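Below is one structure, written out as C-alpha cells; comments come after it.
6 protein chains.
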Amino acid sequence: MNERYERGLEKLGEIDGEAGRKVIESLQDIAPDLARYVIEFPFGEIYQRKGLDLTTRELVTVAALTALGNCQPQLKVHIHGALNVGCRPEQVIEVIIQMAVYAGFPAALNGVFAAKDVFCERGILQK
Amino acid sequence: MNERYERGLEKLGEIDGEAGRKVIESLQDIAPDLARYVIEFPFGEIYQRKGLDLTTRELVTVAALTALGNCQPQLKVHIHGALNVGCRPEQVIEVIIQMAVYAGFPAALNGVFAAKDVFCERGILQK
Amino acid sequence: MNERYERGLEKLGEIDGEAGRKVIESLQDIAPDLARYVIEFPFGEIYQRKGLDLTTRELVTVAALTALGNCQPQLKVHIHGALNVGCRPEQVIEVIIQMAVYAGFPAALNGVFAAKDVFCERGILQK
Amino acid sequence: MNERYERGLEKLGEIDGEAGRKVIESLQDIAPDLARYVIEFPFGEIYQRKGLDLTTRELVTVAALTALGNCQPQLKVHIHGALNVGCRPEQVIEVIIQMAVYAGFPAALNGVFAAKDVFCERGILQK
Amino acid sequence: MNERYERGLEKLGEIDGEAGRKVIESLQDIAPDLARYVIEFPFGEIYQRKGLDLTTRELVTVAALTALGNCQPQLKVHIHGALNVGCRPEQVIEVIIQMAVYAGFPAALNGVFAAKDVFCERGILQK
Amino acid sequence: MNERYERGLEKLGEIDGEAGRKVIESLQDIAPDLARYVIEFPFGEIYQRKGLDLTTRELVTVAALTALGNCQPQLKVHIHGALNVGCRPEQVIEVIIQMAVYAGFPAALNGVFAAKDVFCERGILQK
Chain G
851 MNERYERGLE KLGEIDGEAG RKVIESLQDI APDLARYVIE FPFGEIYQRK
901 GLDLTTRELV TVAALTALGN CQPQLKVHIH GALNVGCRPE QVIEVIIQMA
951 VYAGFPAALN GVFAAKDVFC ERGILQK
Chain F
851 MNERYERGLE KLGEIDGEAG RKVIESLQDI APDLARYVIE FPFGEIYQRK
901 GLDLTTRELV TVAALTALGN CQPQLKVHIH GALNVGCRPE QVIEVIIQMA
951 VYAGFPAALN GVFAAKDVFC ERGILQK
Chain U
851 MNERYERGLE KLGEIDGEAG RKVIESLQDI APDLARYVIE FPFGEIYQRK
901 GLDLTTRELV TVAALTALGN CQPQLKVHIH GALNVGCRPE QVIEVIIQMA
951 VYAGFPAALN GVFAAKDVFC ERGILQK
Chain B
851 MNERYERGLE KLGEIDGEAG RKVIESLQDI APDLARYVIE FPFGEIYQRK
901 GLDLTTRELV TVAALTALGN CQPQLKVHIH GALNVGCRPE QVIEVIIQMA
951 VYAGFPAALN GVFAAKDVFC ERGILQK
Chain X
851 MNERYERGLE KLGEIDGEAG RKVIESLQDI APDLARYVIE FPFGEIYQRK
901 GLDLTTRELV TVAALTALGN CQPQLKVHIH GALNVGCRPE QVIEVIIQMA
951 VYAGFPAALN GVFAAKDVFC ERGILQK
Chain L
851 MNERYERGLE KLGEIDGEAG RKVIESLQDI APDLARYVIE FPFGEIYQRK
901 GLDLTTRELV TVAALTALGN CQPQLKVHIH GALNVGCRPE QVIEVIIQMA
951 VYAGFPAALN GVFAAKDVFC ERGILQK
C-alpha cells in the first residue's frame, strides 16, 4: 500500500462512504487493479487537489454524469457523495435542472429520477 | 418583449458579454426564435434561479460541456462566462482536469485547450 | 398559470397522454419547476410551432432519442406520442431502423426493443 | 457491380448530389470498401425502403446528426440532402430547433450554424 | 436467401452463438428486415473481411461498446462473442480497464460489471 | 520524478513519439498536472500492463476514439501510435471501418478521414 492508495482510500470513505466501498469490493474478483486505480487516481490525486472545495467538486461531477446520461449507478453514488460532503439537496437538484439546457430534457429528467431514488434511500423524501 | 426576455437579455449580457451577443446576432437571419428561446429559457429562467450562485452555475456548465466534448464553441463561451462572473482561472482548470475521471483524458485535454484559447484572448496567458 | 403553461399542458395531454401526466406527477415532490419547464418550453413553445406537423415532430424526436441511446424511458414516451398523434407503427419502425446507419446497430436494436414494449402495451403486438 | 450497388449509387446521386460523390471519391485511395458499403447499405437498402417518404427520411437524419453533435460534415451533407429531395429550409430549421429540447441548446445552435453554411452555399441566405 | 445472408448467418452462429440467435429471433415479429441487415452487413460483410483476426475484431468491438456506454445488452453479447472466438477473459478485462483512460472511469466500471455478468453466466466466475 | 512518471514518459515516447511530446509541452503553461497525470496514469500504468500487446492496445484505442467521435486530435495521435508500435495501415483501416456497425457511418467516415491525414503526414499516402 503506497501513500496515494492510503490517502485515496480515506478520501473515498469520506466522499462515497458505504456506496464507494461496495463498488471497490465488487471489483475484487474480476478487476482488482481497476479498484486500485479508482482509489489512487480520482481519490488519491484529483479529490486531494486544492483550488476547488469538495462540495463544488461533487456538484460538477453530478453535472457531468447527468449530461453524459449513460452512467446512472455512478450518478447515484455521486449524489450520495455530494450530500455526504455537505451539499444541500436543493443544490443537487439545481445542478440537474440546469443540465436541461446543455444536454436536453431527457438527461435532466433521468438525473432527477436518480436523485429521487437517492433522496428516498436517505429518508430526505418519502416514497 | 416580455418580462422573461428582458431579464434574460440582461443576464446574458452579465454572464456571456460580447460572446453571447454575437451568438444571438448570428441567429437573427436564420433562426431568430432559437435566439429568443436562448434568452428566455436558459438566461430568463435557469440562470435567474436561486439555490446556486452564478460562479457554481458556470463551473457546472463548464464541466458538462467538457464531458460532452462535442460543443467546443459553447464551452469557450462558458469559460468566458465563468471568468466574467468571478471564477478564478485555476477553478476553471480544476473542473476541466477533474473531467478526465468521468469522461476520459481526451475530453479533459480538449477542455484545457479550449481554456487556453480563452485565457490567451483575455491576456491571462501569453501565446 | 400563464398562457404558455396552459397551452403546454393541453399539448402534453394530446401528445403524451397518460405517460406524460405520470412524468409530470412524479416530479412534483422533488423538482416541480422542471415539470413546469417541460410543460412551458417543449410543449408550450416548440410543439406549438408551425412549419412542421405533429407526426413529423414526433418522428424526428424518436430518431434523436434512438440515436442518443441513453434515454429509453423518454424514447418509449415518444413512441407512444408518435402513435397518439397519428403515426403508423411501421413509420416508427422505419425511423428506428434508419438510425442503424447514423448511430450504429446497437442503437437501432435498442430502439426496436423499446418500440416492441410500447406496441405490446398498446396491443398492437402480442407478447 | 451488383444490383444493390447500382440502385444505391443512383439514390446517392438523387439525395446527396455533388457532396455525396465527393465523399465517395475521397475514400477511393484509403478505404474503397467503406465507400462501397455506404452505397450498398444506406443508399442501396435503407433509402430504398417504403413506409417513409424521402423528405421525412432526410429530416429524421438531420435530427439524429444534430442531436449526436459530433459529425458536422455529415450533418451538412444531409441538410443539402433534405433540400435536394424537396424539404423547405424552414422545415430543416424547425427540426434543428426542436433538438434543443432533446439534446440541449449547444447541439441545436451548432446545427443551426451548419444549416447557415449550407443555406449560404446554396444562395438561400446571404453571407 | 442470398449468399451474404447465408455466410452472415453462419458467422453470427460462430461468434455470438445462442445470444445472437435470440436477438435475431426477437426481431422477427417487429422488424425482420433489421434482423436481415444485422446478418447481411456486420456478419455477412464486416466480420468476413481479411486484415484483422476475429479475436482482434471482437476486442475492438468490446472497446467501442464500453466507451459508448449506452448499449449494455450488445456489450454483453460481444463479451460472449470475444470468449467464443478464443479471447481469454483477462484480455477482455484489459480492454475494458483501458477504456477508463479514453471514456472515463464510469464507462470502464460499467464495462467490468457487464463482463462480470457474462463470466458468471459462463461459470468462469462464481457469483 | 517518481518511478511511474519515468516509465510513463518512456512509454509515451515509444508509442506517441513527437505528437505525444507536443501535447505534454502544450500543457505546461496552463495545466502541468494534467500532463503529469497523462504520463503517470495511461502511460505509467495502463500501457505498462501485461495481458495485451501494444498493437492490440492501440487498435482498441483507435476503435474507442472513432466510436466516440468527439476527439479527432487524440484519434490522430493514436493512429500515429498504432503505426509507431507496429500495426499495419490496413489494420487501422479495418478497425475504423468496423466502427460503422457499432457507432454509425458518420463516425467511421470521420475516422477514415483522420487516418487519411495521418497516412499523408507519414508519406504512406500521397495527397
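Protein chains in written order, with our numbering: chain G, 851 to 977; chain F, 851 to 977; chain U, 851 to 977; chain B, 851 to 977; chain X, 851 to 977; chain L, 851 to 977.
Even for Gly, the Cβ is constructed at its ideal location relative to N, Cα and C.
Quick caveat: nothing in here was measured; it's all calculated off a predicted structure.
Label residue i either buried or exposed according to how many other C-beta atoms from any shown protein chain fall within 10 Å of its C-beta, with 16 as the threshold for buried.
| i | result |
| --- | --- |
| Arg972(G) | exposed |
| Asn934(G) | buried |
| Gly894(U) | buried |
| Lys872(G) | exposed |
| Gly985(X) | This structure leaves residue 985(X) out entirely; chain X is present only between 851 and 977. |
| Pro892(G) | buried |
| Lys861(B) | buried |
| Lys900(L) | exposed |
Which same chain residues, not among the five before or five after residue i, have their C-beta less than 7 Å away from its C-beta?
| i | result |
| --- | --- |
| Tyr952(X) | Ala917 |
| Val968(B) | Lys926, Ile929, His930 |
| Cys970(X) | Lys977 |
| Arg907(U) | Tyr897 |
| Gly919(B) | Ala953, Ala957, Asn960 |
| Leu806(G) | The structure shown has nothing for residue 806(G), since chain G only spans 851 to 977. |
Roughly how many angstroms lie between the CA atoms of residue i and residue j, to the nearest whole one?
| i | j | result |
| --- | --- | --- |
| Leu902(G) | Tyr887(X) | 51 Å |
| Glu944(X) | Glu875(G) | 19 Å |
| Thr911(X) | Val962(G) | 32 Å |
| Gln898(L) | Gln922(G) | 31 Å |
| Ala964(L) | Gly954(L) | 16 Å |
| Val942(F) | Ile946(B) | 30 Å |
| Leu915(X) | Leu909(L) | 14 Å |
| Ile880(F) | Asp866(F) | 21 Å |
| Met949(U) | Ile889(B) | 16 Å |
| Tyr855(F) | Ala932(F) | 22 Å |
| Arg938(F) | Ile974(F) | 11 Å |
| Gly870(X) | Gln924(G) | 29 Å |
| Arg857(U) | Pro882(X) | 40 Å |
| Asp863(F) | Lys966(F) | Here the sequence assigns Gly to residue 863(F), which means Asp is not the residue at that position. Approximately 23 Å, taken between the alpha carbons. |
| Glu940(L) | Leu859(L) | 28 Å |
| Glu868(G) | Ala913(G) | 22 Å |
Who are the near neighbours of residue i in its chain, counting only those whose CB is closer than 6 Å to its CB and skipping five residues on each side?
| i | result |
| --- | --- |
| Leu904(L) | Val935 |
| Glu853(G) | none |
If contact means a Cβ-Cβ distance below 8 Å, which residues of the region 866-893 of chain B contact chain U? Those would be Phe891, Pro892, in chain order.
Could you name the residues of the region 918-945 of chain F whose beta carbon sits closer than 7 Å to any beta carbon of chain G, in the order they occur along the chain? The region 918-945 of chain F vs chain G, Cβ under 7 Å: Leu918, Glu940, Gln941, Glu944, Val945.
Contact residues within the region 900-918 of chain L, judged by C-beta distance below 8 Å to chain F: For the region 900-918 of chain L, residues whose beta-carbon sits nearer than 8 Å to a beta-carbon of chain F comprise Leu915, Leu918.
Could you please tell me which residues of the region 952-967 of chain G, in chain order, have their CB closer than 9 Å to any CB of chain B? Within the region 952-967 of chain G, the residues whose Cβ lies closer than 9 Å to some Cβ of chain B are Tyr952, Ala953, Gly954, Phe955, Pro956, Ala957, listed in chain order.
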